[in-house]
Each structure stands twice: as structure tokens, then as C-alpha cells.
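Reviewing the structure listed below.
Residue numbers (this note's numbering): 114 to 353.
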């Protein structure tokens, strides 16, 4: 609880100086980007929607229709979540500030997020900074056997029917899964399995996920987290 609150407070402390950016700087930015900062979305979801803190999701490059629908469901209370270590639903913090943002502003934010480059390099190619030497070092690797098992399960459990091959080409208004944070995806799968999260398209997913064990979910999300995927812009160009 203390760690989560501290992390969020530190994130907000970094946000406020950015909110005071000059008018000239703001004029050169997309309206969605400005709102993403001024409405403090950046505090939890990170710079350019790519560096989310704790178990929050990265949003850059995600399907904008899917993102917008989720913001509406969280605002209305249709989308809820399991509780964190403090005993509060994970969606509670976001819901409490959503009244500060209009529907039109949310459309601008989600459209902008969908246009961004998703920083989703495969785990094997990711780097992290060493606190001692301040040098880039290889990030911890995911167990290859776990990834292999997840790949088989993703195909066997027909996840690709809605989310596309390797989680890269979802049906309309469904989410991209390739390259997403394993911890976030696992939480969502467990919430859907436990009928905690019931909004949107989750009813169609329930028959598939309710039979999964925790170890299956761990394997599938580990596999998906190692994948790279093209941006939404790139995918649209390929279709032309």
C-alpha cells in the first residue's frame, strides 16, 4: 500500500512541472498529448504512454476504439477490477479522476495514444539501467520453456480468434496483446476468469479463460510479453 502510494505521488511530482510548459511548446503538440499530461494520465501510464508504473498498462499504440471504450466503462463503473494490496479496486484511482475529463477530451487522448509507437521490444532485446554503473544491461530473461508453453496454449485456447495471430491483429475494438506487460495481462485474465471484470467483450472470452489455471495464464502472458508488433499506423499502411 505504502509503496503504491509513494510511487504514484512521485509520478505526480514529476508531472506537474510538465503541466507548466510554455504556450509555444503546447501549440506544437497534439491536443491529445497535451491532455494526456494536463489530465495527469502520464502519472501512472508514463511518458508517451510507454512507461507505466507498477502494474498499470502501457497504452501507446493500442487500438484507440478499445481504449476509448475502456475509459467509458471505467467512468460508468461497468469495468471494475480486483483489489490491490491496499484493498482497493485497481480501477478506483482512475475512476475518481475521470470526471475531470470530457468525452471529447477522452477521444482526443485515445486517438493520440493509438497513433504512437508502442515501445514493445521483445524481452530478449530490452535493456535496463544498472543503478551502480548507470549502464545498460540485459533485462531479466523469461524462461524459454514457459514461453514455448505459452505459445502452444495461445493457439490451443483459440486466443488468436479475437486477438489475432501472435496477438498482433485483433478484431475491431479488441486489444493488441503482443508486447504488453505480463503482470497486467495476467491480472486482467484472472479478473475475467473470476467474473470480476465483465464489461465489453469479456463475455466472449470467459468460456476460454475459465478453464485456465494460474500456471497457464503465466505461460500465455510470458509468451505475449516477448513479442514485438508493428504500430497501428504501420499496419494501416500495409493494408493499402
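Every residue, glycine too, gets a C-beta built ideally from N, C-alpha and C.
For this session: Within its chain, find whatever has a CB closer than 7 Å to the CB of residue 310; leave out the 5 residues flanking it on each side and keep chain order.
Result: Around residue 310: 192, 193, 194, 301, 304.
Exercise. Under the three-state reduction of DSSP, which class applies to residue 178: helix, strand or coil?
Worked result: Reduced to three states, the DSSP call for residue 178 is helix.
Exercise. Would the beta-carbon of residue 219 fall within 7 Å of that of residue 173?
Worked result: Their beta carbons are not under 7 Å apart, which means residue 219 does not touch residue 173 by this criterion.
Exercise. If you pair each beta-carbon of the segment 140 to 155 with each one of the segment 259 to 278, do three or more pairs fall below 8 Å?
Worked result: No, they do not touch.
For this session: Provide the residue span of the alpha helix (DSSP H) that contains residue 335, from first to last.
Result: Where residue 335 is concerned, the enclosing alpha helix (DSSP H) starts and stops at 327 to 338.
Exercise. Going by beta carbon distance, what residues of the same chain come within less than 6 Å of residue 183, once the five residues before and after it are set aside?
Worked result: Close CB contacts of residue 183 within its chain, under the 6 Å cut and outside five residues either way in sequence, are absent.
For this session: Mark residue 356 as exposed unless 16 or more other C-beta atoms lie within 10 angstroms of its C-beta, in which case mark it buried.
Result: Look at the range of the chain in this structure, 114 to 353, and you will see that residue 356 is not part of it.
Problem set entry | Alpha-carbon spacing of residue 212 relative to residue 339, whole angstroms | Computed Cα separation, rounded: 36 Å.
Exercise. Out of curiosity, what's the CA-to-CA distance linking residue 293 and residue 208?
Worked result: Take the alpha-carbon of residue 293 and the one of residue 208: they are about 22 Å apart.
For this session: Could you say which of 206, 210, 289 lies nearest to residue 227 if we only look at CA atoms?
Result: Ranking the options by Cα distance to residue 227, first place goes to 289.
For this session: Take the Cβ of residue 334 as the centre, count every other Cβ of all protein chains shown within 10 Å, and call the residue buried at 16 or more, exposed below.
Result: The Cβ neighbour count for residue 334, taken over all protein chains shown within 10 Å, is at least 16; the residue is labelled buried.
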